[in-house]
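Just below is one structure, and these are the notes that go with it.
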Amino acid sequence: MMHGVDAGQVLQLAKLVSFKEGEVNFLKIVESDHMRFAILAFDKNSVLPEHPAPGDAMIFALEGQANLSYEGRDYVLKAGDQFKFDKGGKHLLSTGDSRFIMALVIEKE
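Heads up: take any position in the sequence shown, counting from 1, add 1401, and you land on the working numbering.
Put into structure tokens, the structure is as follows:
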């Protein structure tokens, strides 16, 4: 089941979720036994603490820039970039002085 999206409309994923001051805001679009698809908006100076990926996952950077640490290596994500996580891959994401919006797909077992 899809949430927050109406059929028969052209849309921009980055515009489906708004920023919340100092927080990470998200909109789950699909949540099922097999997958999750969500849009996340990170305000400036936001941090998603380190955690293991609950399943194979991919993020799609839609707007802004973020710093990603994955399994001890550091990356900079910019709009248009994608990044794949293996299940259990430890990662954290922070925004510094930039806001950031991403789409997230997680495969569940």
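Even glycine gets a Cβ: it sits at the ideal position worked out from N, Cα and C.
Predicted model only: the values in this text are computed from it and were never measured.
Which listed residue (the options) has its alpha carbon closest to that of residue i
{"i": "H1404", "options": "Q1413, E1432, A1415, K1421", "result": "E1432"}
{"i": "S1499", "options": "K1491, E1472, Q1466", "result": "Q1466"}
{"i": "F1427", "options": "F1443, P1455, A1454", "result": "F1443"}
{"i": "P1450", "options": "N1468, Q1410, M1459", "result": "N1468"}
{"i": "G1481", "options": "K1416, I1502, G1423", "result": "I1502"}
{"i": "K1445", "options": "G1497, L1505, I1507, V1506", "result": "G1497"}
{"i": "L1493", "options": "L1441, H1452, V1406, I1440", "result": "H1452"}
Any non-hydrogen atom of the ligand COA closer than 7 Å to residue i Cβ
{"i": "F1484", "result": "Among the components modelled here there is no ligand, and therefore nothing to report on the ligand COA."}
For residue i, the first and last residue of its enclosing beta strand (DSSP E)
{"i": "E1432", "result": "1425–1432"}
{"i": "F1420", "result": "Premise fails: F1420 is in no beta strand (DSSP E) and is neither H nor E."}
{"i": "R1474", "result": "1474–1479"}
{"i": "M1436", "result": "1436–1443"}
{"i": "S1514", "result": "Residue 1514 is absent from the structure shown; the chain starts at 1402 and stops at 1510."}
Through-space distance from residue j to residue i, alpha-carbon basis
{"i": "L1414", "j": "K1509", "result": "22 Å"}
{"i": "K1429", "j": "K1416", "result": "14 Å"}
{"i": "I1460", "j": "K1421", "result": "20 Å"}
{"i": "P1455", "j": "Q1410", "result": "31 Å"}
{"i": "A1439", "j": "I1507", "result": "9 Å"}
is_contact[residue i, chain B] using C-beta, thresh 8 Å
{"i": "A1454", "result": "No chain B appears in this structure, which consists of one protein chain only."}
Status (buried if at least 16 other CB within 10 Å, exposed otherwise) for residue i
{"i": "V1448", "result": "exposed"}
{"i": "G1412", "result": "Here the sequence assigns Leu to residue 1412, which means Gly is not the residue at that position. Classification for L1412: exposed."}
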